[in-house]
Structures are given as structure tokens and as C-alpha cells.
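Data first, discussion second: the structure below is written as C-alpha cells.
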Amino acid sequence: MSIPLRRPQADETALHERAMDDLRFIRQTMERAGSFTAVPGYGGVMLGVTALAAAWFASRQPDAFGWLVVWLATAVVALGITAVSMTLKARRAGVALDSGPARKFMLSFLPPVAVAIVLSGAFYLRGMHELFPGLWLLSYGAAIVSAGTFSVRIIPVMGVCFMLLGATALVTPAAWGDIFMAAGFGGLHIVFGFIIARSHGG
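Dropping the structure here:
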């Protein structure tokens with residue numbers, strides 16, 4: 022009667038390490054293929070409310086510099102709201118903000134924003150203040166469309182709406198600038214924020 026030989030401990034260790042490597046590869050592949058779902062809906066609503074207040078306040082500034090200061094301050098506040106609300110939603114959903122889809126989302130979002138910053142500086146130095154609303158809406162929309170390819174389907178749709186508003190703002194009277202800013206950064210954020218919150222968990 023033969024007794025089955027026990028596998029050497031080294032073979033068992035190697036098998037375990039190989040299995041762990043396979044699991045790690047599968048997880049990384051799924052992260053790369055997945056989508057970033059931590060885009061905050063209610064955070065977007067808060068951005069919209071903030072932008073509506075900013076548009077009202079900016080429209081009452083006596084000069085272009087005061088107008089610009091209002092919107093720059095609003096951008097800083099919006100950045101804080103986005104960071105906090107995105108972090109909270111990611112924690113609730115168990116999504117890592119350093120995952121593959123999250124990195125792709127941010128890396129796709131940043132280049133159009135960087136272009137907007139550079140062009141804003143150039144426009145300001147040349148006194149082309151009336152182009153700011155169109156530039157910002159168009160660039161922000163492009164950033165959302167680009168980043169939205171790694172997120173849920175409603176995000177690129179929102180980006181296209183921003184781009185259409187921005188393009189329209191560039192060919193309409195400069196006096197309408199705050200109306201377009203309110204409609205885009207205010208209205209679109211509120212509408213799509215509620216849609217995202219209802220359909221994709223807050």
C-alpha cells in the first residue's frame with residue numbers, strides 16, 4: 022500500500038505567491054477597465070448654488086477686476102466643495118481616489134483647465150475680459166467631456182451642455198456674460214447634480 026507523498030513546503034509557498042500575483046493582476050485590470058463613479062451629485066448642487074450667488078454678486082462689481090476677483094474666489098470655494106464631497110462619496114462607495122479610473126479621470130480633466138488658466142491670464146493682460154465667460158464655460162465643458170469618458174454616461178452629456186453654453190457666450194453681447202455664467206456654473210450644476218445624486222448614489 023502506497024502512501025501519497027506530501028508536497029514540499031516550498032511548492033506550496035510558490036503556489037500561494039503565484040495565486041496572489043494573479044489576484045493582484047486581475048484587480049489592477051478591473052480598476053483600469055472600470056469607471057470612476059465618485060462624481061458627487063449633491064456636491065454639484067452646492068456648486069450650482071454657490072455659482073448663482075457669485076453671478077449675482079459679480080454683476081454688481083464696478084469694474085472688471087472686481088468681477089474677476091469674485092469669480093476667482095468662487096473657484097477656490099468650488100474646489101473645496103468638490104474635494105470634500107468627492108472624498109465623502111468615494112468613502113461611502115468604497116472607491117479609492119488613487120485607483121486607475123480616478124487617476125485617469127483627473128488627468129483627463131486637468132489639461133483643459135490648465136489651458137483656461139493660461140488663456141485667462143493672456144486675455145486679462147490684453148483687456149479681453151468680455152471673453153472670460155465663454156472661455157471658462159467652454160474649457161470646463163471640454164474638461165468634463167474628456168474626464169467623463171472614465172465616468173458614468175451622464176457626465177459627458179453635462180460637459181457638452183457646458184460647451185454649447187460657452188460657444189454661445191462667445192458670440193453674444195458681453196453684457197450677457199453673467200447670465201451665461203449663472204446658467205452654466207449655476208443651473209447646469211444644479212440640474213445634473215440632482216440627476217447624478219438620484220441615479221448614482223449621492
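Going by our numbering, the letters in the sequence shown line up with residues 22 to 223, in that order. Beta carbons: idealized from backbone N, C-alpha and C, even for Gly.
Straight through space, the alpha carbons of Y145 and F153 are spaced by roughly 9 angstroms.
Taking a cut-off of 8 angstroms on C-beta distances, the region 159–166 touches the region 131–139, as three or more cross pairs fall below it. Contact between the region 66–79 and the region 200–212 is present: three or more C-beta pairs spanning the two stretches fall below 8 angstroms. Taking C-alpha positions only, G198 is separated from T108 by approximately 32 angstroms. Collapsing the DSSP output to three states places S172 in a strand. In this structure, P122 lies near F171, with their beta-carbon atoms less than 8 angstroms apart. An exposed status is given to F86, since fewer than 16 other beta-carbon atoms sit within 10 Å of its beta-carbon. Between L73 and A203, the C-beta gap is smaller than 8 angstroms, which places the two residues in contact. T193 carries a coil assignment under DSSP once its states are collapsed to helix, strand and coil.
CA-CA distance, Q82 to W92, rounds to 11 angstroms. Note that the C-beta distance between G62 and I217 is below 8 angstroms.
S129 sits close to A168, with the two beta carbons spaced by under 8 angstroms. Fully enclosed alpha helix (DSSP H) runs of no fewer than 4 residues occupy 62–79 and 85–114 of the region 51–128, in order along the chain. Here V60 is buried. Its C-beta has 16 or more other C-beta atoms within 10 Å.
Distance check between D84 and each of H221, R174, E151 and V178 places E151 closest, using alpha-carbon atoms only. Rounded to the nearest whole angstrom, the CA to CA distance from R174 to F213 is 12 angstroms. By the C-beta density criterion, P133 is buried, having at least 16 other C-beta atoms within 10 angstroms.
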